[in-house]
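So in numbering that gives the first Met the number 0, spot 30 of the sequence shown is number 29, and the numbers just go up one at a time.
The C-beta atom is built at its ideal place from N, Cα and C for all residues, glycine as well.
Below is one structure, written out as structure tokens; comments come after it.
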Amino acid sequence: MDNLISTYHRRILKAALIRHQRKTGSTCIVISLPKGGIATLEITEIVLDGLLVRFEKIARKEHGSVEGYKAIRDLYRNAVDVNGHGEYLTESGKLLVDELVAELVEHAKKTAAITQEHS
Numbered sequence: 000m001d002n003l004i005s006t007y008h009r010r011i012l013k014a015a016l017i018r019h020q021r022k023t024g025s026t027c028i029v030i031s032l033p034k035g036g037i038a039t040l041e042i043t044e045i046v047l048d049g050l051l052v053r054f055e056k057i058a059r060k061e062h063g064s065v066e067g068y069k070a071i072r073d074l075y076r077n078a079v080d081v082n083g084h085g086e087y088l089t090e091s092g093k094l095l096v097d098e099l100v101a102e103l104v105e106h107a108k109k110t111a112a113i114t115q116e117h118s
């Protein structure tokens, strides 16, 4: 991973965790399962890192190595900014992180549905 992308990757990760903690008061997301019941997902640094790495792999696969790098770099550069209180996610950064977390939630629901069917 390029140093610039790696730096922005870490900045987005930290800003996203702070935003989620501030927004929800915890590091968990409660999910309503398809056939009733609930499940919780803990949003940690490791989880967000995995989501961002997955996003980067998909972008490089779709756009090629060089164009994928440029797309990721530009997206990451616009995703995080700094103010007097520290780093924060911009609107594009919020969209990126929210979309990645939404994909994780959908995957968790599908996995839970399959597990419930086999129980």
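Starting from residue i and walking both ways along the beta strand (DSSP E), at which residues does that stretch end?
| i | result |
| --- | --- |
| LEU88 | 85-88 |
| THR39 | 37-41 |
Could you check how far apart the C-beta atoms of residue i and residue j are, in whole angstroms? I think they sit under 8 angstroms.
| i | j | result |
| --- | --- | --- |
| GLY92 | ALA14 | 7 angstroms |
| ALA107 | THR89 | Rounded, the Cβ-Cβ distance is 27 angstroms, inconsistent with contact. |
| VAL104 | ILE30 | 6 angstroms |
Quick one: grab the DSSP three-state call for residue i.
| i | result |
| --- | --- |
| SER25 | coil |
| ASP80 | strand |
Where do the ends of the alpha helix (DSSP H) carrying residue i lie?
| i | result |
| --- | --- |
| GLY49 | 44-62 |
Ignore the nearest five residues each way along the sequence and tell me which others in residue i's own chain have a CB closer than 6 angstroms to its CB.
| i | result |
| --- | --- |
| LEU95 | ALA78 |
| CYS27 | THR39 and GLU41 |
Taking 8 angstroms as the limit between beta carbons, can you name the residues of its chain near residue i, skipping five residues before and five after?
| i | result |
| --- | --- |
| ARG18 | TYR87, LEU88, LYS93 and VAL96 |
| GLN20 | THR26 |
| ARG72 | ASP1, LEU3, ILE4 and TYR7 |
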